[in-house]
DNA sequence: CTGAAAGCGCTTACAG
DNA sequence: CTGAAAGCGCTTACAG
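Chains as they are written, first to last, in UniProt numbering: chain G, 1 to 343; chain U, 1 to 343.
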């Protein structure tokens with residue numbers, strides 16, 4: 001039950017705990033411990049399967065070798081996939097991950113931050129909610145933001161994707177496929193990533209000389225549930241029958257969109273073109289398959305954890321702000337077998 | 001930077017750290033601290049926004065208020081959803097969650113266990129791999145297993161689903177819909193949950209007087225990747241054209257199965273009936289939609305964490321082994337619009 | 001080359 | 001009714 005401590009080793013080796021600590025922390029050379037003693041200690045430690053008590057070490061050094069990961073929703077495939085990469089890479093570097101979901105709720109996010117703070121995590125990877133910047137500023141530990149950032153906070157570290165370019169590419173692709181009345185379905189969220197997707201959409205339409213007015217921009221309250229989104233989308237589509245393609249600004253909107261379109265008896269691709277932000281198993285397997293702009297999930301995860309660990313080790317040299325490109329994955333929802341013809 | 005400690009409060013209140021500790025831990029009454037002192041301390045603590053250092057407390061008490069969650073794959077929707085519920089409920093009880101994915105790899109699981117152990121987690125929720133029972137037995141802390149258990153370890157705590165009943169129901173449903181040559185696609189895993197699903201399949205066929213021989217049981221190596229599964233399934237279907245329905249034993253097999261069936265140009269439901277274990281957004285949204293036996297994810301998560309916390313509080317009274325029922329969700333893949341007719 | 005001692009921030013048995 | 005002291009298991013500045 002009771003673990004092996006440094007004392008046990010010291011006793012068995014006939015030396016002081018100090019010496020054991022030096023040897024076990026690889027400071028034998030530096031502290032000029034004799035080869036002989038050093039070897040003896042190492043042998044005993046491995047015989048006893050000694051594992052340092054991280055709590056004691058943390059209390060003394062102030063480092064817990066733990067990082068806090070705050071995502072919007074761990075059950076969302078994008079965040080779950082990033083979390084997996086983060087955990088994997090952290091593990092390789094000797095760090096463990098404490099996680100939590102904000103549901104994009106400010107209060108919940110603050111609660112998570114507070115708990116992680118007094119758990120003394122060494123650093124944070126945070127998917128911020130709105131207005132979380134003040135709270136984050138009081139953390140006094142390395143923080144890397146993901147998915148979104150605060151435009152007015154200049155010196156923060158983050159890994160995000162090029163939302164503008166992604167949306168722009170997606171919408172341009174639709175236009176090039178012959179769709180002429182393209183709408184965006186997005187949320188009311190005032191967060192930067194959503195703003196940029198909207199801007200990309202508007203810009204693409206303008207560049208192609210197409211109308212980008214209010215009636216092709218549908219904003220849904222971001223705190224609706226799945227059935228709520230589906231119902232709202234259905235309603236919007238019903239009252240805007242002249243639309244011939246939709247750009248969905250998030251994966252869950254895209255998923256709800258599929259349900260809505262189908263419930264109206266419309267055929268995706270031919271009746272109504274569609275592209276969604278963010279790839280998902282569903283989009284690949286759906287029939288017809290759904291075109292999307294995919295995030296480089298693996299790379300996002302790797303960059304996040306490495307940027308944070310570099311900060312923790314004070315070896316930071318690489319750029320502090322990374323904007324990754326998105327990849328347009330063309331599928332049937334925008335390139336129907338029967339070409340879409342404007343009537 | 002430096003946090004507020006109990007000493008700071010003691011100083012400001014003009015009492016000893018001991019007294020502060022008693023008051024803050026709600027032992028004022030028990031220790032007969034005067035109302036006056038008590039109130040003063042509480043006021044100062046909240047003014048200073050005192051947060052106890054969990055490391056120091058943990059070192060002293062041996063409790064870290066942390067639980068370890070080991071899943072097979074946090075990126076798999078089933079595990080991600082369970083993880084979310086677990087984290088949520090743990091949070092309500094003042095616990096944080098450290099997590100990791102085993103990929104069903106024994107060595108990786110052992111590594112995770114070791115790290116969590118010397119991080120002094122108070123208890124574990126574990127999706128065990130094969131042969132992990134010895135390792136788990138040496139943990140000397142409360143453990144609740146999920147998704148599977150060790151049949152030869154009688155006194156373990158677990159929350160699982162009734163795999164036999166689920167498979168039995170799924171296959172019976174197929175037979176009742178008129179499918180006559182039903183196969184199972186499963187993995188080579190020797191784990192109990194997979195065995196039970198196989199038994200449910202065999203039993204259902206036997207009960208209905210249908211053949212349940214080797215040629216309707218296809219076992220795939222469980223460590224293949226997605227493309228690997230898809231390829232193997234495609235091959236199996238090609239060489240067994242007489243089959244008219246398939247029961248897929250896991251959600252990822254079902255997903256790969258959809259790809260395989262479609263790549264062969266077969267129509268799900270009419271050409272080939274299908275039911276998958278475990279629900280998934282894809283199954284609901286696929287066209288045709290896919291019948292499945294769904295796990296009660298929410299309830300699994302809640303039961304897991306509550307069982308563990310009861311163990312931690314030594315208030316355990318409820319049953320230690322919970323087997324939850326599965327729900328058959330009938331969809332188009334087994335009830336085609338054009339009825340399946342045996343020729 | 002090695003060790004005694006202090007201290008991280010708590011809790012708790014003991015004393016008065 | 002309250003406090004001094006020990007101790008959880010480490011690390012590290014200091015001494016010799």
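Backbone N, C-alpha and C define an ideal beta-carbon position, used for all residues, glycine too. Predicted, not measured: the structure shown is a model, and the values here were computed from it.
(Q) What does the alpha-carbon distance come out to for the pair residue 208/G and residue 279/G? (A) 25 Å
Q: Quick one: list the residues of chain G neighbouring residue 53/U, beta-carbon separation under 8 Å, in chain order.
A: 59, 118 and 120
Q. What first and last residue would you give for the beta strand (DSSP E) that runs through residue 292/G?
A. 291–294
Q. Nearest chain U C-beta to residue 276/G closer than 8 Å, yes or no?
A. no
Q. Does the beta carbon of residue 260/U come closer than 8 Å to any beta carbon on chain G?
A. no
**Q.** Residues of the region 101–113 of chain G with Cβ closer than 7 Å to any Cβ of chain U, in chain order
**A.** 101
Q) How would you label residue 242/U, buried or exposed, when you count the other beta carbons within 10 angstroms and need 16 or more for buried? A) exposed
Q. How is residue 36/U classed by DSSP in three states: helix, strand or coil?
A. helix
Q) Does any C-beta atom of chain U lie closer than 8 Å to the C-beta of residue 25/G? A) no
Q) Quick one: what does DSSP say residue 247/G is sitting in, helix, strand or coil? A) strand
**Q.** the region 86–99 of chain U: positions lying closer than 8 Å to chain G by Cβ
**A.** 87, 88, 91, 96, 97, 98 and 99
**Q.** Three-state secondary structure assigned by DSSP to residue 280/U
**A.** coil
Q. Quick one, which residues of the region 282–296 of chain G are near chain U if we go by CB-CB under 8 Å, in chain order?
A. 282, 285, 286 and 287
Q | Collapsed DSSP secondary structure at residue 6/G in the structure displayed | A | helix
Q. From residue 13/U to residue 42/U, what distance separates their C-alpha atoms?
A. 10 Å
Q) Near residue 181/U, what residues of its chain come up, given a Cβ to Cβ distance below 6 Å and the 5 sequence neighbours on each side ignored? A) 242, 243 and 244
Q) Can you tell which of 202/G, 56/G, 251/G and 261/G has its C-alpha closest to the C-alpha of residue 231/G? A) 261/G
Q | 8 Å Cβ shell around residue 122/G - same chain, five flanking residues per side excluded | A | 63, 64, 65, 66, 67, 95, 141, 142 and 312
(Q) 8 Å is my cut-off, CB to CB: does residue 20/U come that close to chain G? (A) no
**Q.** Inter-residue Cα distance where the pair is residue 6/G and residue 119/G
**A.** 24 Å
(Q) 8 Å is my cut-off, CB to CB: does residue 1/G come that close to chain U? (A) Only weak support is given to the placement of residue 1/G: the predicted model assigns it a pLDDT of 43, under 50, and the question is left unresolved by the model.
Q) What is the rounded straight-line gap between the Cα of residue 343/U and the Cα of residue 190/U? A) With a pLDDT of only 44 at residue 343/U, under 50, the local geometry of the prediction cannot be trusted, and the value read off the model is given with reservation. If I take the Cα positions, the gap works out to 36 Å.
**Q.** Three-state class that DSSP yields for residue 115/G in the structure shown
**A.** helix
(Q) I need the DSSP call for residue 219/U, collapsed to helix, strand or coil. (A) strand
Q) In chain order, which beta strand (DSSP E) runs of at least 3 residues are fully inside the region 159–229 of chain U? A) 182–187 and 217–220
**Q.** Rounded straight-line distance, which links the Cα of residue 55/G to that of residue 57/U
**A.** 9 Å
Q) Which value, in whole angstroms, describes the spacing of the CA atoms of residue 163/G and residue 276/U? A) 36 Å
Q) Should the region 301–308 of chain G be regarded as contacting the region 201–221 of chain G, the criterion being three or more beta carbon pairs within less than 8 Å? A) no
Q: Note down, in chain order, every chain U residue with its Cβ under 8 Å from the Cβ of residue 84/G.
A: 73, 74, 75 and 101
Q | Cross-strand partners of residue 327/U (DSSP beta bridge) | A | 294/U
Q: Assign residue 252/U to one of three DSSP states: helix, strand, or coil.
A: helix
Q: Could you check the C-alpha separation between residue 110/U and residue 218/U for me, to the nearest Å?
A: 30 Å
Q. Would you report the Cα separation of residue 174/G and residue 330/G, rounded to the nearest angstrom?
A. 10 Å
(Q) Checking 8 Å against the spacing of the C-beta atoms, do residue 225/U and residue 100/G come in under that value? (A) no
Q: Measuring only between beta-carbons, confirm whether residue 255/U sits less than 8 Å from chain G.
A: yes
Q | Contact residues within the region 228–244 of chain U, judged by C-beta distance below 8 Å to chain G | A | none
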